[in-house]
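Data first, discussion second: the structure below is written as structure tokens.
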Amino acid sequence: MSTPLLLAGVVRESIVDGPGIRFVVFAQGCPHHCQDCQNAQTWPFEGGNEVSPQKVLDEMHENPLLAGLTLSGGEPFCQSEAMADLAEAAKAVGYSVWAYTGYLFEELRKMSAEESAVRRLLQAVDVLVDGRFEREKMSYDLLFRGSSNQRLLDVPASLQAKIPIEKQMG
Ligand code: SF4
């Protein structure tokens, strides 16, 4: 775990970024610039704080109530190497891993053919909430999503099938 994360911030206990109580890291830097993004302060690729993946894990271990880790942003897939290190380590000790991305699963699959870190990160994620935020499709009724174009995807099933497979939330 050598590359540091560049983070806009963390939320140590969230109940809105996936099931259960979750530790959320917000990546600094996002290329998507969705209209009415609620995290526009995360767009610049400068600024933020450098944090080692190990430090995040150590903080997570201090809270026995945590169900998992959520990678949000900003765009976590713009720092795939450090995010993959964190996600793999979190998964290895039993946390579920969710990731929010402005990319589509199909785009990430293409990127992963050329970028091994993107491939590693995808393989370490259980559920991907994909797609840009679209203001006109926004709804407060959507579970864990901001707009209805975004999908909750079962990543292991999607990677195996090579097509996006929706996560069944039960
Ligand atoms: S992908 Fe997310 S962080 Fe980036 S501009 Fe869109 S809503 Fe904002």
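Residues 55 to 224 in the working numbering are what the sequence shown lists, from first letter to last. Idealized CB from N, CA, C, for every residue including glycine.
Endpoints, alpha helix (DSSP H) assigned at A167: Position 113 of the sequence shown, counted from the first residue, corresponds to residue 167. Note, A167: alpha helix (DSSP H), 159–168.
H115: CB within 7 Å of a non-hydrogen atom of the ligand SF4: The count along the sequence shown starts at 1 and reaches residue 115 at position 61. Every heavy atom of the ligand SF4 is 7 Å or more from the Cβ of H115, so no.
Under the three-state DSSP convention, the category T124 falls into: Residue 124 sits at position 70 when you count from the first residue of the sequence shown. Strand.
Endpoints, alpha helix (DSSP H) assigned at L206: Sequence index remark: in the sequence shown, residue 206 carries index 152 (1-based). From DSSP, L206 is part of no alpha helix (DSSP H) but of the beta strand (DSSP E) over 205–208.
With 16 other Cβ atoms within 10 Å as the buried cut-off, status of M137: To locate residue 137, count along the sequence shown from 1; it is residue 83. The Cβ neighbour count for M137, taken over all protein chains shown within 10 Å, is at least 16; the residue is labelled buried.
Same chain, Cβ closer than 6 Å to A235, five either side skipped, listed in chain order: Residue numbering for the chain in the displayed model covers 55 to 224; residue 235 lies beyond these limits and cannot be assessed.
Beta-ladder partner(s) of R242, from DSSP: Beyond the ends of the chain as shown, which are 55 and 224, falls residue 242; an answer cannot be given.
Check: N93 C-beta below 7 Å from any heavy atom of the ligand SF4: What you label residue 93 is simply residue 39 of the sequence shown in a count that begins at 1. The ligand SF4 has a heavy atom closer than 7 Å to the beta-carbon of N93.
Residue interval of the beta strand (DSSP E) (run including S150): What you label residue 150 is simply residue 96 of the sequence shown in a count that begins at 1. For S150, the enclosing beta strand (DSSP E) covers residues 150–154.
Environment of M189 [buried if 16+ CB atoms lie within 10 Å]: Reading the sequence shown from its first residue, position 135 is the one you call residue 189. The residue you asked about is not Met; residue 189 is Arg in the sequence shown. Exposure of R189 is indicated by the presence of fewer than 16 other C-beta atoms within 10 angstroms of its C-beta.
First and last residue of the uninterrupted alpha helix (DSSP H) at E142: Numbered from 1 along the sequence shown, position 88 holds the residue referred to as residue 142. Start and end: 134–146.
Separation of L120 from E168, as counted between CA atoms: If you number the sequence shown from 1, residue 168 lands on position 114. If you number the sequence shown from 1, residue 120 lands on position 66. Rounded to the nearest angstrom, the two C-alpha atoms are 34 Å apart.
For E190: DSSP bridge partner residues: As a position in the sequence shown, residue 190 is number 136, starting the count at 1. DSSP lists no partner for E190.
Sequence-distant residues of its chain with Cβ nearer than 8 Å to V183 (five each side left out): Residue 183 sits at position 129 when you count from the first residue of the sequence shown. By the criterion of a C-beta distance shorter than 8 Å, V183 is surrounded in its chain by W152, A153, Y154, T155, F198, R199, Q204, R205, L206, L207, once the five residues flanking it on both sides are discounted.
Separation of S56 from V179, as counted between CA atoms: As a working mapping, residue 179 is identified with position 125 in the sequence shown. As a working mapping, residue 56 is identified with position 2 in the sequence shown. When rounded, the separation of the alpha-carbon atoms in V179 and S56 is 20 Å.
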